[in-house]
Amino acid sequence: MNQFESQVVAIPYSQQRVYDMLSDLSHLESVKDRIPQDKIKDLKFDRDTVSINVAPVGDIAFKVVEREEPKCVKLEATTSPIPLTLWIQMLPTSDEASKMKLTLRTELNPFIKGMVQKPLQEGIEKMADMLARISY
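Sequential numbering from 931 applies to the sequence shown in this note's numbering.
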C-alpha cells in the first residue's frame, strides 16, 4: 500500500461549513473555473460522484463511499488505471476556522510507483491548495 499526503492547509471557515460543501460533490460547480483546463478536462459531478479527464492519465471517476460528519469524506476511484482511495479530512482550529489534509492511498508495483509517485504527490498538494482557496 502506498500513501501520499498533502500538507495541512488552513481554511478560514468552520469545520462544519467546509464539510457541508465537500460532502456534496455537486458544490464543485463553484470551483470549476479555478481548475487548469490544460491539465483537467471534462469535469462532471453530482452529489456522490465526480469524473475528470486528466492528461496524460485519462478518465478518472470517484464516488463518495463514506461521510463522517463533520470530519471526513472518503472517495474511491470507480474508473482509474490504478486503484485509488482519497480521504478529505477536516479538523477545527477555532469556531470560525479549520484545517484540512488530503490522503491518497493506492497499490503500486515498484515500476509504476517510480513513474507516478511525483505526479501523484504534486496533484494531491495542488488539490489541497485549491480546496483551501474556496469560499465556503
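Here a beta-carbon is modelled for each residue, glycine too, at the ideal position from N, C-alpha and C. Since this is a predicted model, take the numbers as computed values, not measurements.
Backbone CA spacing between residue i and residue j [nearest angstrom]
i: G1053; j: D1059; result: 10 Å
i: T1015; j: R1035; result: 5 Å
i: Y1066; j: V987; result: 30 Å
i: T1033; j: H957; result: 21 Å
i: P1049; j: T1023; result: 30 Å
i: R977; j: Q1051; result: 26 Å
i: W1017; j: V1003; result: 6 Å
i: P1011; j: V948; result: 30 Å
i: E1006; j: E1037; result: 13 Å
i: I1042; j: M951; result: 34 Å
CB contact below 9 Å: residue i versus chain B
i: I982; result: Among the protein chains of the structure shown there is no chain B, as only one such chain exists.
Proximal residues to residue i (C-beta, below 8 Å), its chain only, five neighbours per side dropped
i: A1062; result: V939, A940, I941, M1030
i: K962; result: L973
i: M1057; result: S936, L1032
6 Å CB neighbourhood of residue i in its chain, flanking five on each side removed
i: Q946; result: P1000
i: A991; result: S981, T1008, T1009
Continuous beta strand (DSSP E) stretch holding residue i: start and end
i: I982; result: 979-984
i: D963; result: It is not in any beta strand (DSSP E) - D963 carries neither H nor E in the DSSP assignment.
i: D989; result: 988-998
i: V939; result: 939-941
i: E1006; result: 1002-1009
i: I1076; result: No answer is possible for residue 1076: it lies beyond the span of the chain, which begins at 931 and ends at 1066.
Exposed unless 16 or more other CB atoms sit within 10 angstroms - verdict on residue i
i: F934; result: buried
i: M931; result: exposed
i: V995; result: exposed
i: D1045; result: Looking at the sequence itself, residue 1045 is Met, so the reference to Asp does not match. When all chains shown are included, M1045 counts as exposed.
i: S953; result: buried
i: S960; result: exposed
Where the alpha helix (DSSP H) through residue i begins and ends
i: K1043; result: 1040-1062
i: L952; result: 945-952
Heavy atom of the ligand PLP within 8 Å of residue i beta-carbon
i: L955; result: Among the components of this structure there are no ligands whatsoever, and the ligand PLP is therefore not found.
Stretch-stretch touch, CB-based, cutoff 8 Å, three pairs: the region 937-956 with the region 1022-1035: yes
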